[in-house]
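For the first sequence, our numbering gives the first residue as 4, with consecutive numbering after it. The beta carbon of each residue, even a glycine, is placed where N, CA and C say it ideally should be.
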Amino acid sequence: MLGTVAGGGIGAVDVGSDGATGEPVELTLDALPDYVRAQEASHAPRWVWSDSAHWLPGLLTSGVTVARCHDLRLCHGILARSAYTGDRAPLVTAEEWRRAVEEPVVASPTATLFDLEIEHADRATVPADLPAALAEFARQRAALDSSGADGRRLRILLAAESAGALIAAEMRSAGLPWSAEEHDRLLSEALGPRPASGMKPAGMVALAERIEGALGVRGLSIDSAPKLLQALRGAGIDVQSTSQWELIEHEHPAIAPLLQYKKLARLLAANGWSWIDEWVRNDRYRPVYVPGGVVTGRWASSGGGALQIPRRLRPAIRADAGWTFVSADVAQLEPRVLAAMSGDRAMAIAGQGKDLYAGIVESGAVPSRQDAKIAVLGAMYGSTSGDAGRLVPRLRRIYPHAMRLVDDAAATGERGGIVSTWLGRSSPAPDPEWFDLQARAQANAATAADESRARRASRDHGRFTRNFIVQGTAAEWALAWMADLRLRLARFPETSGDRAPASGSAFERRAHLAFFLHDEVIIHAPLDQAEAAATAIRDATAAAGRLLFGDAPVEFALDVVIGRTATKE
DNA sequence: CCGCCCGGCGCG
DNA sequence: AAAGCGCGCCGGGCGG
């Protein structure tokens, strides 16, 4: 247990596995890293602290890593909302911890970008002092004890969520190896050489001229959607918006250069040269990962768009000399998770082997792989029209258990109810306006418009809860996967080879996690540890499946690639 | 001038 | 004009 004490020092208390607390120790901030290092060496406790994002960056900067923690902020967020929690009342009424449920922490990227001092991570989030931490930990233990058999799943979820907080901080500390040179080369190839600041790259200027010529307009502001729309319509192109999926339907000489222009404009704005200047230092990109930042339990990110790096820039992810990447992604994670949680044997069998969609085609449900994909995504997202609307009912016949689970989740959501993931992360209730809308539609004075608005809101929320249980369970599977993998990698020997100067912590001197994207990890590994890291990923995949779903016959198929650039496919 | 919303598009 | 979930970020445009 770690917390601040009056006067600005640090207080620490040993917490036994039975929850018994020992004598408090008082430390100065400077003495903290050595204290934590010593505790790790002697008995590797599970550190209980207010907020990993508060405590860990400074420790990592000092070269200290911790094996396990219990993150009170993240765990409060789960327990205070979970339908699995027996008695939530004491947590819900703990006012000072409410932010943990209401708003995920988004660190200020500018404040913490290259300076991982503890002071900078000290944002107003949840209480960081020792008495508050002790009180909250006691509430959380009591909440778990009141949860009966569901407590087992919640405990797994809390451990996985807390491990995710460690991984997020460690990955930020390590950074993603990134070649600014390769990035610049890719940009120049697409856009032309870097222009003076404020100027458009030559590639975009040339396309703009072609677009103006084709539309018969001079001085068009292509970047202004209203002006562009007006110009398109003026040229006889009957569109309602300027989005690419609508433009692509029309035949006109302006369309091709316009679509190309939009691609380049996006690349320049989101990941152009100023992105490199802002986010890449010493061959490292250091995004802020936000564990639990999405209601479903997925991570969010803040700063540089870490979870939206375009595929075409993947070649800029470049391992250090003497190192390589081991990249792995899970094929069709979400449908596999759905098969497991619903106990749908037929769907599980379709997923035996690499490609679940091919298995669905073999089952005879649909004629082609593309149809299988549309049908499965449609089932999980709640599509009712188009190809998906036609294909989903076939799935309902062949995989009744899987479909029943998501259909029930949707029905619950349409009524304003709450659904939960496999391990017990629960969906937020609709806001009061939603219930107002439903009540108004039920009233005697309700108009047809009231009823249709209410029905639409109801369906919208049903699609949200339908997807919530699958996306959320996939997210906790991924957390369990990474948590297991992280501890396997931590047992690798430290490499004796040369290392880039950016390295600070011990975990960076062996194979370590460098990137995570929902169903995909990238490990940065010394060349001689790459094969072992690949094995660790495969072992972690099996372990995560067992931890969540026991002996259910579901396979989680992996694509593993070893190489110095982290390209996919 | 600032904050906010929104269209649009990148990722899963 | 998206059908069909979850995000973050950008620039334009608007209201204050």
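Kindly indicate which three-state DSSP category P504 falls into: helix, strand or coil?
Because P504 carries a pLDDT of 44, less than 50, the predicted location of this residue cannot be relied on, and the following value inherits that uncertainty. Note: P504 maps to coil in three-state DSSP.
Report the residue from T299, V297, G307 whose alpha carbon sits nearest the alpha carbon of D280.
G307
According to the neighbour-count rule (16 or more other Cβ atoms, all chains shown, within 10 Å of its Cβ), is Q275 buried or exposed?
The amino acid occupying residue 275 in the given sequence is Gly; Gln does not appear at that position. The residue in question, G275, is buried, as its Cβ has 16 or more Cβ neighbours within 10 Å.
Does the Cβ-Cβ distance between M174 and Y360 come in under 8 Å?
no
With burial defined as no fewer than 16 other Cβ atoms inside 10 Å of the residue's Cβ, what is the status of A452: buried or exposed?
exposed
Terminal residues of the beta strand (DSSP E) in which W52 lies:
49 to 52
Please classify I251 as buried or exposed, where buried requires at least 16 neighbouring CB atoms within 10 angstroms.
exposed
I'd like the list of long-range same chain contacts for R399, defined as Cβ closer than 7 Å, with 5 residues on each side in sequence excluded.
M406
State the Cα-Cα distance for the pair S330 and P435, rounded to the nearest angstrom.
44 Å
Is the stretch 318 to 325 touching the stretch 553 to 565 in the sense that three or more CB pairs, one from each, lie closer than 8 Å?
no
Can you grab the Cα-Cα spacing for the pair W181 / A536, in whole Å?
20 Å
Backbone secondary structure at D439 - three-state DSSP:
helix
Figure out for me which residue from R491, V51, P36 has the closest Cα to the Cα of P60.
P36
On the criterion of 16 or more Cβ atoms from any shown chain inside 10 Å, does A412 qualify as buried, or is it exposed?
buried
Suppose the cutoff is 6 Å on Cβ atoms and the five residues either side in sequence are ignored; what does the same chain contact list for S461 look like?
E417
Could you please give the first and the last residue of the uninterrupted beta strand (DSSP E) stretch that includes W326?
326 to 333
Roughly how many whole angstroms lie between the Cα atoms of A546 and D487?
7 Å
Mind checking who F519 pairs with in its DSSP beta bridge?
V524
N447: buried (16+ other C-beta within 10 angstroms of its C-beta) or exposed?
exposed
Shortest alpha-carbon distance to A560 belongs to which of I540, V104, V409?
I540
Give the straight-line distance between the Cα atoms of D323 and T568, rounded to the nearest whole angstrom.
10 Å
Please go through the same chain and pick out, in chain order, the residues whose beta-carbon is closer than 7 Å to the beta-carbon of L440, but skip the five residues on each side of it.
R456, A457, A460
Once DSSP output is grouped into helix, strand and coil, what is the label at Y592?
Only positions 4 to 572 of the chain appear in the structure, and residue 592 is not among them; the question remains open.
Same chain only: Cβ atoms within 6 Å of P27, ignoring 5 sequence neighbours per side
G14, V16
So which of S246, S200, R188, V297 has the shortest CA-CA distance to V104?
V297
Could you check if A269 is buried or exposed, using at least 16 other CB atoms within 10 Å of its CB as the buried criterion?
In the sequence as displayed, the identity of residue 269 is Arg instead of Ala. Flag for R269 reads exposed.
For L179, which beta-bridge partners are listed by DSSP?
Y288
Along the beta strand (DSSP E) that carries V129, what are the first and last residues, could you check?
Neither: V129 is in no beta strand (DSSP E) and is coded neither H nor E.
Rounded to a whole number of angstroms, what is the C-alpha to C-alpha distance between Y38 and P93?
33 Å
Quick one, are the C-beta atoms of C72 and W52 less than 8 Å apart?
yes
Any chance the stretch 513 to 533 sits against the stretch 177 to 193, with 3 or more Cβ pairs inside 8 Å?
yes
Residues that A566 bridges to, as DSSP identifies them:
First, the residue type needs correcting, since residue 566 is Gly and not Ala in the sequence shown. Note: G566 sits in a beta bridge opposite F328.
Taking 7 Å as the limit between beta carbons, can you name the residues of its chain near D153, skipping five residues before and five after?
Y87, G427
Taking DSSP as the reference, what is the three-state secondary structure of H79?
helix
Which residues does DSSP pair with A15 in a beta bridge?
L5, V28
Leaving out five residues on either side along the sequence, give the residues of the same chain with a beta carbon under 6 Å from the beta carbon of I159.
L426
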